[in-house]
Amino acid sequence: MQIDWRPLLEVINQHSRFLITSHLRADCDAIGSEVALSRILQSLGKHASIVNGDEVPEHIRFMDPDNRIDVLGSTITLDLLRGFEVMIVVDTSAWMQLGRMGDVLRDFPGLRIVIDHHVSQDDMKALVFKDDRAEATGRLILQLAEALNVKVTPEIAEPLFAAIATDTGWFRFNSMKTETFTALAKLTAAGAQPNKTFSQLFEQHSLPRLHLRGRILDHVKPDCSNRLLWTYVTAADFRETGAQRTDTEDAINMLLTVRGVETAVLFVELEPEVTKVSLRSRTSFNVNAIAEKFGGGGHRNAAGITYHGPMDEAQPAILDALRIGMQDCPD
Ligand SMILES: [Mn+2]
Numbered sequence: 024m025q026i027d028w029r030p031l032l033e034v035i036n037q038h039s040r041f042l043i044t045s046h047l048r049a050d051c052d053a054i055g056s057e058v059a060l061s062r063i064l065q066s067l068g069k070h071a072s073i074v075n076g077d078e079v080p081e082h083i084r085f086m087d088p089d090n091r092i093d094v095l096g097s098t099i100t101l102d103l104l105r106g107f108e109v110m111i112v113v114d115t116s117a118w119m120q121l122g123r124m125g126d127v128l129r130d131f132p133g134l135r136i137v138i139d140h141h142v143s144q145d146d147m148k149a150l151v152f153k154d155d156r157a158e159a160t161g162r163l164i165l166q167l168a169e170a171l172n173v174k175v176t177p178e179i180a181e182p183l184f185a186a187i188a189t190d191t192g193w194f195r196f197n198s199m200k201t202e203t204f205t206a207l208a209k210l211t212a213a214g215a216q217p218n219k220t221f222s223q224l225f226e227q228h229s230l231p232r233l234h235l236r237g238r239i240l241d242h243v244k245p246d247c248s249n250r251l252l253w254t255y256v257t258a259a260d261f262r263e264t265g266a267q268r269t270d271t272e273d274a275i276n277m278l279l280t281v282r283g284v285e286t287a288v289l290f291v292e293l294e295p296e297v298t299k300v301s302l303r304s305r306t307s308f309n310v311n312a313i314a315e316k317f318g319g320g321g322h323r324n325a326a327g328i329t330y331h332g333p334m335d336e337a338q339p340a341i342l343d344a345l346r347i348g349m350q351d352c353p354d
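The working numbering puts the first residue of the sequence shown at 24, with every later residue one more than the last.
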């Protein structure tokens, strides 16, 4: 269903000072939507500030080349957030995900707007512009630009392209639809450069990260007649490769590239008594149910656990639960 943007057009026409925020641990859809929206508002002669509850993650700093995004309590203080007439939340509708900006929103005396594509919706006492069929908030921001008759410059197109590209796993998730390609065509026509964005997103890793991946692959073990693959990273692996904690990101998905694999698990030894566990499923098998047994959570197909115990205790406990849950696993 197409969003009716008219109430928001009216709000934008009638106000001049906008405060934009998004969720903690921002991704490219959050940052891209914020940056593009601020540029759209600025092109209309409005004042727009972006303030988040935490820092832009290092690997997507390229999304904010002018350092326009403030962090509450770090680069900006609460008293400087007075005088805004409209507060706009993008790419989330959950209080929990706003961090300290949630308090700002709770106390905000002006109008509240939410622009989002997630199904869940907290009551934020806001005007909500939502399309939960949209693959990314970035595409909704493009719709808004069109509704406002704003010319989409390269500076608006680039962050929106990155937003859609990342929320669709570089155009491969089944959230991709005809409208996505249409939006991408408009964005590239307006100056977005897919090859540049690809390089910024996926070709900036460190050599230690590559070495860590080598170890993760080297440690892969099959289980449950090869339907389950699991692997691990030890504290020594981090130390010896020089890799960072964040360098395990996405590594688990490599396990799902093997034919016949249904479930993948990655154990990460964070501390002697803390083991981070990532679970993935590409069938109807619900890894979230397993994660919840151990105090973790997530989604059906992707979930995580922070296991308070050594890795050699976490491994048999969680693998056993998976074998039972997956059914028909030989002993
Ligand atoms: Mn998103």
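Just so it is clear, CB atoms sit at the ideal spot from N, CA and C, and this is done for glycine as well.
Any heavy atom of ligand 1 closer than 7 angstroms to the beta-carbon of residue i?
i    : result
T211 : no
Which of the three DSSP states, helix, strand or coil, is assigned to residue i?
i    : result
I99  : strand
H70  : strand
K148 : coil
T44  : strand
N249 : coil
A188 : helix
N276 : helix
R311 : The sequence given here places Asn at residue 311; Arg does not occur at that position. DSSP places N311 in helix when its eight states are reduced to three.
A287 : strand
M110 : strand
R135 : strand
N218 : helix
S39  : coil
Q320 : One point to set straight first is that residue 320 is Gly, not Gln, in the sequence displayed. In the structure shown, G320 sits in a strand (DSSP, three-state: E or B).
Would you mind giving the Cβ-Cβ distance between residue i and residue j, rounded to the nearest angstrom? I have them listed as a contact below 8 angstroms.
i    : j    : result
V34  : I138 : About 12 angstroms separates the two Cβ atoms, so there is no contact after all.
G327 : V300 : 6 angstroms
E45  : S56  : Residue identity differs from the one stated: residue 45 is Ser in this sequence, not Glu. The pair is a contact, with the Cβ atoms about 7 angstroms apart (cut-off 8 angstroms).
A186 : D52  : 4 angstroms
I26  : Q144 : Rounded, the Cβ-Cβ distance is 14 angstroms, inconsistent with contact.
I164 : L60  : 5 angstroms
Open item on the list: Tell me which residues pass a beta-carbon proximity test against ligand 1: closer than 6 angstroms to any heavy atom, given in chain order.
Closed with: This selection yields D52, D114, H140, A159, T160 and D190.
Open item on the list: Does the contact criterion of 3 or more C-beta pairs under 8 angstroms hold for the segment 131-150 versus the segment 169-178?
Closed with: No: the two stretches stay apart, fewer than three of their Cβ pairs being nearer than 8 angstroms.
Task: the segment 204-215 contacting the segment 223-241, beta-carbon criterion three pairs below 8 angstroms - done: The answer is no - the segment 223-241 does not touch the segment 204-215, with fewer than three Cβ pairs under 8 angstroms.
TODO: Could you say if the segment 304-316 and the segment 345-354 meet the contact criterion of at least three C-beta pairs nearer than 8 angstroms?
DONE: Under the Cβ criterion (8 angstroms, minimum of three pairs), the segment 304-316 counts as touching the segment 345-354.
TODO: Count the CB pairs spanning the segment 214-225 and the segment 246-255 that are closer than 8 angstroms, and state whether there are at least three.
DONE: Segments in contact, no.
Open item on the list: Measuring CB atoms only, is the segment 197-209 touching the segment 92-111, in the sense that at least three cross pairs come out at less than 8 angstroms?
Closed with: Flag = no, the segment 197-209 and the segment 92-111 do not touch.
Open item on the list: Taking contact to mean 3 or more Cβ pairs, one atom from each stretch, closer than 8 angstroms, check whether the segment 153-162 and the segment 117-127 are in contact.
Closed with: The segment 153-162 is not in contact with the segment 117-127.
Open item on the list: Does the segment 69-86 come into contact with the segment 191-198, if we say contact requires no fewer than three beta-carbon pairs (one atom in each stretch) closer than 8 angstroms?
Closed with: Verdict: no, contact absent.
- [ ] For the segment 260-273 and the segment 225-240, state whether three or more C-beta atom pairs, one from each stretch, are separated by less than 8 angstroms.
- [x] Yes: the two stretches touch, three or more of their Cβ pairs being nearer than 8 angstroms.
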